[in-house]
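Per our numbering, the sequence shown runs over residues 50 to 453. For each residue, glycine too, the CB sits at the ideal point set by N, CA and C. A short worksheet on the structure shown next.
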Amino acid sequence: MENIANKILSDREQKDNIIKCYTSLYQVVCLKANIPGINKNIKEAYVIVSIFDKKIMKYNPIKRMFYESNDGPYIIYLFNKDIYMKGKMIQLETKNKLGRFVDIDVYLDSSHSLNRTIPRKCYICNEYALICSRMQRHSTEELLNHISKITSSYLKRLIKKMINDAMLKELNLHPKFGLVTPLTNGSHKDMDYNLMVNAKNAILDDLVEMFMLGYTSDLPIDKLFIKTRKIGIKADKHMFKATNNINAYQGLIFSLGLFLVNLGKALKDKLTLDDVYKNIKEMSKCFIHEGNFGARKQAAEGYQIIKDLLNKYDISNMDTLDILIYFINNLDDTVLLRRSKNKDTLRIIMEQFKTLNSSNKLLINQVNKDCIANNLSFGGCADLLVVSLFIFEFTNTFNKINHI
Numbered sequence: 050m051e052n053i054a055n056k057i058l059s060d061r062e063q064k065d066n067i068i069k070c071y072t073s074l075y076q077v078v079c080l081k082a083n084i085p086g087i088n089k090n091i092k093e094a095y096v097i098v099s100i101f102d103k104k105i106m107k108y109n110p111i112k113r114m115f116y117e118s119n120d121g122p123y124i125i126y127l128f129n130k131d132i133y134m135k136g137k138m139i140q141l142e143t144k145n146k147l148g149r150f151v152d153i154d155v156y157l158d159s160s161h162s163l164n165r166t167i168p169r170k171c172y173i174c175n176e177y178a179l180i181c182s183r184m185q186r187h188s189t190e191e192l193l194n195h196i197s198k199i200t201s202s203y204l205k206r207l208i209k210k211m212i213n214d215a216m217l218k219e220l221n222l223h224p225k226f227g228l229v230t231p232l233t234n235g236s237h238k239d240m241d242y243n244l245m246v247n248a249k250n251a252i253l254d255d256l257v258e259m260f261m262l263g264y265t266s267d268l269p270i271d272k273l274f275i276k277t278r279k280i281g282i283k284a285d286k287h288m289f290k291a292t293n294n295i296n297a298y299q300g301l302i303f304s305l306g307l308f309l310v311n312l313g314k315a316l317k318d319k320l321t322l323d324d325v326y327k328n329i330k331e332m333s334k335c336f337i338h339e340g341n342f343g344a345r346k347q348a349a350e351g352y353q354i355i356k357d358l359l360n361k362y363d364i365s366n367m368d369t370l371d372i373l374i375y376f377i378n379n380l381d382d383t384v385l386l387r388r389s390k391n392k393d394t395l396r397i398i399m400e401q402f403k404t405l406n407s408s409n410k411l412l413i414n415q416v417n418k419d420c421i422a423n424n425l426s427f428g429g430c431a432d433l434l435v436v437s438l439f440i441f442e443f444t445n446t447f448n449k450i451n452h453i
C-alpha cells in the first residue's frame, strides 16, 4: 500500500511538472475525478471525467492532453488567458450533480491553481470538505459507495432522457412514408400517436435496465445476452399491456437493447465504439442461424449499416428525414416486405427513394401518399433511425478519452 501511495505522489508531481511547462504561455485547466482511497482508477472516475471533458471542450481549448496515472485519469487543457475561466469552471461543477466528484483546477500565471472564494462542501454531510477530511468523519468505503450510488443514479436519468429524446425525434417526424406521426396513423389502422407514446413510456425503464446491466455486470458476453433477453421479454410484456396487444416497438427493444447493454459495458470497461459493434456480433451467435434476415441479420453483421452511416456522415448536420431515407435505401426492411402486396408498385416506389431527399417537399409528400395508399411502412428503418440518434447523442455526451 505504501508503494502505491508513493506512486500516486510521484504521478501528482509529474502532473504538476507538465502544468509548469505551459503556465508562462497559456492558461492551464486540469480536470480530474476526486476519488478517495488508493485506487483512483475506478470506473466512476472515467465516467465523470468523460462527462466533464465534453463540457470543457465547448470552451474550445487550444490543446487537450489526456493522461492515465496512479492518481487517476486527468486531462490538461491549454487556453488563452481568461480571468473569468475559474468562475466558468466553478459554474460547471456547481450546475452538475456529479460536480462534487471532480476537481477542475485553473492555473493563470503560475503552477499554483486559483483558489475558490467559497470552500467546497463534503458530498455526504455538507460540512466543509477540508474539515471532514482532516477529522476523517467518513470512511473510504462510505465515500466510494456514495460516489457509485450518485453516479449510477445520474446515469439512469441521463440514459432514460437520451432514449426518450431519440424515440420522440423519430415519432414526431412528419411526413414519414406510412409510419405513425403526430398528424397521421400512416398505414397503421391499429396504431396512432398516443398509442406509440404510451408504448414508449411503458418500455423506457426496461431499456435503461439493459444499459445498467452492461455497466454493472462482469458476466461474459453469452451470459450477458441471456440476462438482456430476459429484460427484453419483460419490456415486450409492458409494451403489449400498454397497447392492448399491438406491437409498437418489439423490433426496437431488440436492436436498441443490444446496443444499450454493450454501451454500458463499454463505459465500464473503457472499450471503443468498434468494440460495441464486435460484441453485438458476438452476442448474435447465441440466436443466429442460416437464413436469418431483417433485425437478426443486422445484429449478426454487427449493425454495419449503422456503423457505415455514422462513419460516413456527421448526422448532426443531416435532416432526420434524410437519415430515415438512408436506411430505406440500404435495408431490406422486413416490416415493409410483410406489408407489400404488389411487387411492381413497391419497385416503382423504391426507385423514387434513390434520388429522394428532404429538400424536395413535393416529392416527399407524394411518396408518403403512395406508401399509405399501398399500405407500406418502414418499421425496421424507423428502429435503426432511433438507434442511430441514440448512439450519436451517447458518444457526444461521453467524450472520447481512450474509450467511447
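>> According to DSSP, residue 115 sits in a beta bridge with which residue or residues?
In response: Here residue 115 is taken as the residue at index 66 of the sequence shown, counted from 1. Answer by DSSP bridge pairing, in chain order: 124.
> In terms of alpha-carbon separation, which member of 335, 447, 104 and 118 lies closest to residue 142?
Replying inline: Walking along the sequence shown from the start, residue 142 turns up at place 93. Per the Cα distances, 104.
> Excluding sequence positions up to five away, which residues of its chain have a Cβ less than 8 Å from the Cβ of residue 330?
Replying inline: Locating residue 330 in the sequence shown gives position 281, counting from the first residue. Only 348, 349, 350 and 351 meet the Cβ criterion.
> How would you write the range of the beta strand (DSSP E) that residue 81 sits in, first residue to last?
Replying inline: Residue mapping note: residue 81 aligns to position 32 of the sequence shown, counting from 1. That run of the beta strand (DSSP E) goes 76-82.
> Could you give the C-beta distance for residue 87 and residue 54, rounded to a whole number, given that I count them as a contact under 8 Å?
Replying inline: Against the sequence shown, residue 87 aligns to sequence position 38. Against the sequence shown, residue 54 aligns to sequence position 5. The Cβ separation is near 7 Å, so the contact holds.
> Whose C-alpha, out of 140, 93 and 229, is nearest the C-alpha of residue 427?
Replying inline: Stepping through the sequence shown from its first residue, residue 427 is reached at position 378. That would be 229, whose Cα lies nearest to the Cα of residue 427.
>> Less than 6 Å between C-beta atoms, sequence neighbours within five positions excluded: which residues of the same chain meet that for residue 431?
In response: On the sequence shown, residue 431 is found 382 positions in, with the first residue counted as 1. If we look at residue 431 and ignore the five residues flanking it on each side, its Cβ neighbours are 219 and 228.
> Based on the DSSP output, what are the partners of residue 153 in its beta bridges?
Replying inline: Counting from one through the sequence shown, the residue named residue 153 turns up at place 104. 80.
> Using DSSP with H/G/I as helix, E/B as strand and the rest coil, what is residue 170?
Replying inline: Stepping through the sequence shown from its first residue, residue 170 is reached at position 121. Looking at residue 170 - three-state DSSP - the assignment turns out to be strand.
>> Please report the straight-line C-alpha distance between residue 171 and residue 358, rounded to a whole angstrom.
In response: One-based indexing of the sequence shown puts residue 171 at position 122. One-based indexing of the sequence shown puts residue 358 at position 309. Roughly 45 Å between the two C-alpha positions.
> Within 10 angstroms of its Cβ, does residue 420 collect 16 or more other Cβ (buried), or is it exposed?
Replying inline: In the sequence shown, residue 420 corresponds to position 371, counting from 1. It is buried - the Cβ of residue 420 has at least 16 other Cβ atoms within 10 Å.
> Looking at the unbroken alpha helix (DSSP H) that takes in residue 420, where does it start and where does it end?
Replying inline: Translated into the one-based positions of the sequence shown, residue 420 becomes position 371. Note, residue 420: alpha helix (DSSP H), 410-422.
>> How far does the alpha helix (DSSP H) with residue 401 in it extend, from its first residue to its last?
In response: Position 352 of the sequence shown, counting from 1, holds the residue named residue 401. Per DSSP, residue 401 belongs to the alpha helix (DSSP H) from 392-402.
> Are the beta-carbon atoms of residue 248 and residue 203 separated by less than 8 Å?
Replying inline: Residue mapping note: residue 248 aligns to position 199 of the sequence shown, counting from 1. Residue mapping note: residue 203 aligns to position 154 of the sequence shown, counting from 1. Cβ distance not < 8 Å, so residue 248 and residue 203 don't count as in contact.
> What number of angstroms, rounded off, separates the C-alpha of residue 371 from the C-alpha of residue 75?
Replying inline: The residue given as residue 371 occupies position 322 in the sequence shown. The residue given as residue 75 occupies position 26 in the sequence shown. Answer to the nearest angstrom: the Cα atoms are 43 Å apart.
>> Let me confirm a value: residue 381 is counted as buried when at least 16 other C-beta atoms fall within 10 Å, else exposed. Which label applies?
In response: As a working mapping, residue 381 is identified with position 332 in the sequence shown. The residue in question, residue 381, is exposed, as its Cβ has fewer than 16 Cβ neighbours within 10 Å.
> Which word fits residue 303, buried or exposed, when buried means at least 16 other C-beta atoms lie within 10 angstroms of its C-beta?
Replying inline: Locating residue 303 in the sequence shown gives position 254, counting from the first residue. Buried, because 16 or more other Cβ atoms sit within 10 Å of the Cβ of residue 303.
> Among the residues of its own chain, which have a CB less than 7 Å from the CB of residue 80, if the five just before and after it don't count?
Replying inline: Locating residue 80 in the sequence shown gives position 31, counting from the first residue. Counting only Cβ-Cβ distances below 7 Å, and skipping sequence neighbours, we find 98, 101, 102, 105, 123, 124, 151 and 153.
> Going by alpha carbons, who is nearest to residue 109 out of 158, 129, 119 and 93?
Replying inline: The count along the sequence shown starts at 1 and reaches residue 109 at position 60. Residue 109 has its Cα closest to that of 129, out of 158, 129, 119 and 93.
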